[in-house]
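Taking it in order: structure first as structure tokens, then the write-up.
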Amino acid sequence: MKNANIIGLKETDCQNIAEKLNILLANYSVFYQNTRGSHWNIKGEQFFTLHPKFEELYNSLVLKIDEIAERILTLGATPAHNYSDYLKVSTIKESKEVTDGNKSVEIILNSFKVVIDLQRELLDITDKAGDEGTNSQMSDYITEQEKEVWMYNSYLGK
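Throughout the sequence shown, residue numbering follows my numbering, covering 1 to 158 in sequence.
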């Protein structure tokens, strides 16, 4: 954790935060692949509405995946990169339901629940550690995703 001293954080805090970020990274990666699968395979009347919406979402997710990995590196740790490792720690599971629009949206909403909960945990941890960089990143993600949850729920008529 050679960066810890330079960025003004305790090495143990950096390690703890990086471990939690790697779990978040795993969940985002599975979320991304599930969304990509729905984008590719969506069928039916909802195709023209959901196909571009899923593409918009997976493009946003892949940016966050990169940002999370870079934050892990900033903290002096190594981001996980193997799907086999992701699947061991991810709460989000691989989806087989990729052709039905409403089921895909439900899976997306469940995935948002997981990542938002993890990000809220990171807010607490990073606040106590004085890690403004990670804290700000998580806060920005949550703000954006709460709006996405509202829109996807509205799509389902909820």
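Think of the CB as a built atom: it goes at the ideal place given N, C-alpha and C, for glycine as much as any other residue.
query: Find out if the Cβ-Cβ distance for the pair I23, T134 is shorter than 7 Å.; result: no
query: Roughly how many angstroms separate the alpha carbons of I42 and L50, rounded to a whole number?; result: 8 Å
query: With a cut-off of 8 Å, do at least 3 Cβ pairs link the stretch 103 to 111 to the stretch 128 to 142?; result: no
query: If you draw a straight line from the alpha carbon of A69 to that of S154, how long is it in whole angstroms?; result: 32 Å
query: Please classify G8 as buried or exposed, where buried requires at least 16 neighbouring CB atoms within 10 angstroms.; result: exposed
query: Go ahead and pull the three-state DSSP assignment for V105.; result: helix
query: Taking T78 as the reference, give the member of K158, L25, Y141, Y152 with the closest Cα.; result: L25
query: Could you tell me whether the Cβ atoms of N27 and V114 are closer together than 7 Å?; result: yes
query: How about S90 and V149: do their beta carbons lie closer than 7 Å?; result: no
query: Roughly how many angstroms lie between the CA atoms of E219 and F112, to the nearest whole one?; result: Look at the range of the chain in this structure, 1 to 158, and you will see that residue 219 is not part of it.
query: Just how far apart, CA to CA, sit G76 and F47?; result: 43 Å
query: Between F54 and T35, how many whole angstroms is the CB-CB distance? I'm expecting something under 8 Å.; result: 5 Å
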